[in-house]
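These notes concern the structure reproduced below.
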Amino acid sequence: MGVTLPDLHAMKRAGRKIVGVVAWDYQLARIVDRAGVDIVSVGDTVGVNLWGQTNPLEVTMDQMVLVAQAVRRGVSHALLSCDFPYGPLQEGPDAAVRAAIRLVKEAGVDMVKLDGAADHLDAVAAVTRAGIPVFAQFGLTPQTALRHGVAYDPDPGPARSDPGSAATGPDRAGSPGPAASGAIATGKDPAASRLVPVEMKDALVAEAKALEAAGAVLLNFTNSGPVVGPEVTRAVAIPVVGGHGGGPWLDGRVRMATAAIGYAASTLDDPRDRYAEVARTAHDAIAAYAADVRAARQIRS
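Numbering (numbering that gives the first Met the number 0), first residue to last: 0 to 300.
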């Protein structure tokens, strides 16, 4: 039997960490599912990270359905989530429900992930009433930083590693160590420059509670940091996981599978520590294949 939402809630109560990954294709979905992760999330970051788009808002609903269908075929154990692209959530509750129903009917997802969900509680409630579980993302983004009047560094540079995680890039920021007073954009530590400042704690605790009350079954807290993150995690009964700026203070982590394994071409020139160096392995393998062909040697199977 596969992972269920009650399983995730039981894991939070028992203090067992939830493991989530972002995947965008069938083969990688099969691999991460076999590895035993709890959640596979189909992210709308597919456009920028896999297709080379420069605008993260370019991804369409049709494309998300197609990607989710491929990932669904590779996932049999983990819960499958899929992001809304930009548009349906912003258009209102009716559009959100239609988009959620489409992802469930056409792609077979188990839940839908809504970015910036705290600004659209009516949509969270509407999708929940339609019987579709909501994975709600909130936290510190350029938009929320502006609203709360705090600084936000759009390019903080490499993150410092933290115990219990492999923090090696801006999408897997770990514990900021001694600089983690909760402040951001301090100039002291790149990893701390996107973390939620302590003055936002009460507002974000309130947002988390509001999302839970609206029906969200799971929260993704962006740039939580070790000060505000634990407060939010304790404030709600539903699990709180995180990618950017997360750490062991949350109920679990979500990581792009391609980043964890060093798949991107950019990692060829990036010395940060990772779980694997797939891009380097692939580069060297193709170079060896090319050398065999050019030397008139038989190629490997």
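C-beta: ideal position from N, C-alpha, C; glycine also.
Please read all numbers here as calculations on a predicted model, not as lab measurements.
- Annotated three-state conformation of Met60 is helix, per DSSP.
- A check of alpha carbon separations from Leu56 across Leu65, Val45, Val64 and Val195 identifies Val45 as the nearest.
- For Ile17, the enclosing beta strand (DSSP E) covers residues Ile17 to Val21.
- Separation of Gly115 and Asp43 (C-alpha to C-alpha, rounded to the nearest whole angstrom) is 13 Å.
- Shortest Cα-Cα distance from Asp283 to any of Asp272, Arg128, Gly86 and Ala264 involves Ala264.
- Around the beta carbon of Leu267, fewer than 16 other beta carbons lie within 10 angstroms, which makes this residue exposed.
- Where Gln297 is concerned, there is no enclosing beta strand (DSSP E), because DSSP gives it neither an H nor an E.
- Where Val111 is concerned, the enclosing beta strand (DSSP E) starts and stops at Met110 to Asp114.
- Per DSSP, the beta bridge partners of Val133 are Val111.
- Three or more Cβ pairs drawn from the stretch 211-224 and the stretch 112-126 lie within less than 8 Å of each other, which places the two stretches in contact.
- Look at the beta carbons and you see the stretch 83-96 not touching the stretch 9-26: under three pairs across the two are nearer than 8 Å.
- C-alpha of Val231 to C-alpha of Pro247: approximately 13 Å in a straight line.
- Taken in chain order, the whole beta strand (DSSP E) runs of length 3 or more contained in the stretch 61-100 are 78-82.
- Pro84 and Gly241 have their C-alpha atoms spaced approximately 19 Å apart.
- Under a 10 Å Cβ-count criterion, Ala98 is classified as buried, with 16 or more other Cβ atoms of the shown protein chains found around its own Cβ.
- Exclusion of the five residues before and after Gln68 leaves Glu105, Ala106 and Gly107 as the residues of its chain whose Cβ lies within less than 8 Å of its Cβ.
- Under DSSP, Asn219 forms a beta bridge with Gln136 and Val240.
- In this structure, DSSP gives Val2 a state outside helix and strand, which the three-state scheme calls coil.
- Distance from the CA atom of Asn54 to the CA atom of Asn48, rounded to whole angstroms, is 11 Å.
- Considering only Ala258, Ala117, Gln297 and Asp291, the residue with the shortest C-alpha distance to Arg279 is Ala258.
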